[in-house]
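Undergrad:
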Amino acid sequence: MFMDWESLLGEPTSQDMMRWYQVQRLQERYVSVLDTGRLEEWPELFTEDCVYEMVPREKVDHVLRGGVIRCFGRSMLRDHIASLRTARACEPHTFRHITSGLEITQVDADADTIDTESNYVVVQTLADGESRVYQAGRYLDRVVRTVDGWRYQRKLAVYDTSRLQISSVSPI
Amino acid sequence: MFMDWESLLGEPTSQDMMRWYQVQRLQERYVSVLDTGRLEEWPELFTEDCVYEMVPREKVDHVLRGGVIRCFGRSMLRDHIASLRTARACEPHTFRHITSGLEITQVDADADTIDTESNYVVVQTLADGESRVYQAGRYLDRVVRTVDGWRYQRKLAVYDTSRLQISSVSPI
Amino acid sequence: MFMDWESLLGEPTSQDMMRWYQVQRLQERYVSVLDTGRLEEWPELFTEDCVYEMVPREKVDHVLRGGVIRCFGRSMLRDHIASLRTARACEPHTFRHITSGLEITQVDADADTIDTESNYVVVQTLADGESRVYQAGRYLDRVVRTVDGWRYQRKLAVYDTSRLQISSVSPI
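In order, the protein sequences belong to chains A, B and C.
With the numbering used here applied, the first sequence covers 58 to 229.
With the numbering used here applied, the second sequence covers 58 to 229.
With the numbering used here applied, the third sequence covers 58 to 229.
#1: When we look at the beta-carbon of C:T203 and count the other beta-carbons within 10 Å, is it buried (16 or more) or exposed?
#2: Could you tell me whether the Cβ of A:R127 comes closer than 9 Å to any Cβ of chain B?
#3: Spell out whether any CB of chain B is found under 9 Å from the CB atom of A:Q84.
#4: Would the beta-carbon of A:H154 fall within 9 Å of that of A:D92?
#5: Mind the definition here: the region 73-85 of chain B touches the region 156-171 of chain B only if three or more C-beta pairs lie below 8 Å; say whether that holds.
#6: Step through the CB atoms of chain A and report whether any lies within less than 9 Å of the CB of C:Y87.
#7: Count the other C-beta atoms from every protein chain shown that fall within 10 angstroms of the C-beta of B:G186, then say buried if there are 16 or more, exposed otherwise.
#8: Quick one: list the residues of chain D neighbouring B:G124, beta-carbon separation under 7 Å, in chain order.
#9: Hey, B:L102 and B:V226: beta-carbon distance below 9 Å or not?
#10: For the ligand ADP, I want to know if C:T156 counts as a neighbour, meaning its beta carbon is within less than 8 Å of at least one of the ligand's heavy atoms.
#11: When you check each C-beta in the region 155-183 of chain B against every C-beta of chain A, which residues fall closer than 8 Å?
#12: For A:R199, which residues in chain C fall below 8 Å Cβ to Cβ?
#13: Do we get a CB-CB distance below 9 Å when we pair B:R131 with the residues of chain A?
#14: Note down, in chain order, each residue of its chain lying with its Cβ closer than 6 Å to the Cβ of B:E110, except the 5 sequence neighbours on either side.
#15: Are the C-beta of A:S225 and some C-beta of chain C separated by less than 9 Å?
#16: On a CA-only basis, which of C:H150, C:Q163 and C:Q210 is nearest B:G194? Give me that one, please.
#17: Is it buried or exposed, B:R86, if we count other Cβ atoms within 10 angstroms and call 16 or more buried?
#18: Going by DSSP in three states, C:P100 sits in which element: helix, strand or coil?
#19: Go to A:S132, then tell me how far its alpha helix (DSSP H) extends in each direction, as first and last residue.
#20: Please decide whether C:E105 counts as near chain B, where near means a Cβ-Cβ distance under 9 Å.
#21: For A:A277, tell me which candidate among A:T218, A:V90 and A:Q210 has the shortest Cα-Cα distance.
#22: Give me the Cα-Cα distance between A:V88 and C:H119, rounded to the nearest whole angstrom.
#23: Kindly list, in the order they appear in chain C, the residues whose Cβ is closer than 7 Å to that of A:Q79.
#24: For A:V200, which option in A:S188, A:Q192 and A:T173 has the closest C-alpha, if you only look at C-alpha atoms?
#25: Can you list the residues of chain B that A:A214 reaches, using a CB-CB cut of under 7 Å?
#26: Given that a residue counts as buried once 16 or more other Cβ atoms are within 10 Å of its Cβ, and exposed if not, what is C:Q72?
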């Protein structure tokens, strides 16, 4: 069974609600892992054959996107974190992800995948103690049910903010 | 059956949760439609006889509110979008709505309406690539069950931020 | 029955979802009470023997935390609000709390307590009409089921932002 965005407009069922909650919970874990600095757990939220990209909004429709980060597979995510841990030269900072409006845009019940979109705003606090909007954007995600629970098969962070600092190599 | 704010304080039932989810889902669609520029779909989220207003916080209790936008009925919403599309003279920008704390304040089971309040913050990114808090405020909404699903019968965007730019004629 | 963070990773049940919704609803009420100025209702969301603290991130692991606010018991919360109401000398302002990513980290079914963590960002609008990020941080909470519904037994607001103004004696 396949449901697209339009067929998802009607009266929701408790099955719809459970589906939404499962993706919501994965997103909460994702945010928690990044914002509390448990970066080594970040790759575990993806499938083995995942794609993770961070691209500016104006390039999202290009074939060659040329995003800031582009990772294929979980091992590449692990390498990215490992290099962050060794090379960390940027100013110490704290991130707080705020996500909103997790919308289910497509459900493929045979493949056990759910496509979602949601807004995000990341607030950064630097050593000076000031908090500012660091990045705003939209997640375009595909999650899949695995034997270990729901995981990201594809995660695309499309950012509006083009002022990107060195610290932007941190995953968002 | 009519339940006000106080009677909604106790132990929630699964029916309460489903009600909350239905309104939450409408709000997600609302945000998605505005932030991805699908403005023509915005009036479809309201009832035919709807009221949409955007008013500053200090005027919310006035009889003559004098808000920035005041639309009666879905056709007036369509006119508003049409005029935005033709007259769009302001600087290109991106909006990201973040909503939080969707609270159900009243349920009228006979009329099939639910009153809710929620906070919102809109982050704007201009052509310079900087993201800033554009507007903060609170939605005061009444949703109603129709044959096509839940729709807004009344939506009031009460904003705190008084610095409003030309682009503020965009619905929030 | 006791469930820690790891055992909460698997496929969620409808009982998990209901638990999440109950805590979510308490958080919505909390935000609503603070942002609409109904400060006298704030202590009612806590248990009689509660602890409420607001501490900077760098002190969260200290034994003597030395937070900005530290209240033991509901009556101390009431005193705090009463002194705010009489002494209010700071510039008029509006707060909007945005919370995100309410994650359940521990469930103690025997004690009927749920531990949660969530991000928050508070946007402040001053008399000049400008809205800015006032404070970002993370809530570390324990909620408990009482005869009156779910209440906070412990609430810790750990803030990133070190620039704190006089108005920061308002609870967050």
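Just so you know, even glycine gets a beta-carbon here, dropped at the ideal spot from N, CA and C.
No experiment lies behind these values; they were computed from the predicted model shown.
TA: With the given structure in hand:
#1: exposed
#2: no
#3: no
#4: yes
#5: yes
#6: no
#7: exposed
#8: Looking at the structure shown, chain D is missing, and the protein chains on hand are A, B and C.
#9: no
#10: Only the bare structure without any ligand can be found here, which leaves the ligand ADP out of the picture.
#11: I155, T156, S157, V178, V180 and T182
#12: What A:R199 touches in chain C: nothing, since even the nearest Cβ is about 18 Å away.
#13: no
#14: G124, R127 and L213
#15: Per-residue confidence for A:S225 stands at a pLDDT of 49, beneath the threshold of 50, marking its modelled position as unreliable; no derived number is given.
#16: C:H150
#17: buried
#18: helix
#19: R131 to A144
#20: no
#21: It is not possible to answer for residue 277 of chain A, since the shown part of chain A is limited to 58 through 229.
#22: 25 Å
#23: P69
#24: A:T173
#25: Residues of chain B passing the Cβ test: none, with the nearest at roughly 13 Å.
#26: exposed
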